[in-house]
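**Q**
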Amino acid sequence: MATWKDSTPTMTEHQYDVIGGVDTHADTHTAVVIDEIGRMLGHRQFPTTVAGYRALLAWMSEHGPLRSVGIEGTGSYGVGLARYLRAQGVHLVEVDRPNRKMRRQRGESDPIDAEAAARAVLAGTATTTPKKQDAAPALTC
């Protein structure tokens, strides 16, 4: 007796690409992962160390194939993370910080800012590639 098997992928079989968003600060970075249809998959905080960058990338990648990461502050607090992710071959997008009026209206929240960064990448409203900063920033006295 012949049997027919449906090869159409079900929702549980399809792996969606994921997009990361990061709100950067001096000591910690808050990261969010959303999938390509906009569902929030999680948020977490990581230290601003190489071990923290490694853990952030591993955590994002656990959610599915990583399409892009939107980062606020790639020229300041996010420079180390941007340098690390670029070296790992991750597609980066620089995301502008929300304006002050918008931040006051919705309240200051690192996970909200990180999610906004990811959603800006998903929507295509953030498209700037961060400037390459291979050398360590100069220290000023």
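In short: position in the sequence shown from 1, add 32, done, that's the working numbering.
Note that the Cβ used here is the ideal one computed from N, Cα and C, for glycine as well.
May I have the straight-line CA-CA distance separating histidine 95 from leucine 88, to the nearest angstrom?
**A** As a working mapping, residue 95 is identified with position 63 in the sequence shown. As a working mapping, residue 88 is identified with position 56 in the sequence shown. The straight-line gap from Cα to Cα measures roughly 12 Å.
**Q** Here's a check: name, in chain order, each residue in its chain whose Cβ is nearer than 7 Å to the Cβ of alanine 146, leaving out the five neighbours to either side.
**A** Here residue 146 is taken as the residue at index 114 of the sequence shown, counted from 1. Excluding sequence neighbours, alanine 146 sits near Gly53, Val54, Asp55, Thr62, Ala63, Val64, His75.
**Q** Just to confirm, is the Cβ distance from alanine 114 to threonine 106 under 9 Å?
**A** Against the sequence shown, residue 114 aligns to sequence position 82. Against the sequence shown, residue 106 aligns to sequence position 74. Going by C-beta atoms, alanine 114 is nearer than 9 Å to threonine 106.
**Q** Would you kindly report the start and end of the unbroken alpha helix (DSSP H) that includes glutamate 104?
**A** To locate residue 104, count along the sequence shown from 1; it is residue 72. Here glutamate 104 belongs to no alpha helix (DSSP H); instead the beta strand (DSSP E) covers 98–104.
**Q** Classify valine 122: buried if its beta carbon has 16 or more other beta carbons within 10 angstroms, exposed otherwise.
**A** In the sequence shown, the residue the question calls residue 122 occupies position 90. It is buried - the Cβ of valine 122 has at least 16 other Cβ atoms within 10 Å.
**Q** Within this structure, are the beta carbons of aspartate 49 and proline 97 separated by less than 9 Å?
**A** Start at 1 with the first residue of the sequence shown, and residue 49 comes out as number 17. Start at 1 with the first residue of the sequence shown, and residue 97 comes out as number 65. Yes, these two residues count as a Cβ contact at 9 Å.
**Q** If you draw a straight line from the C-alpha of tyrosine 85 to the C-alpha of alanine 148, how long is it?
**A** One-based indexing of the sequence shown puts residue 85 at position 53. One-based indexing of the sequence shown puts residue 148 at position 116. If you take the alpha carbons of tyrosine 85 and alanine 148, they lie about 20 Å apart.
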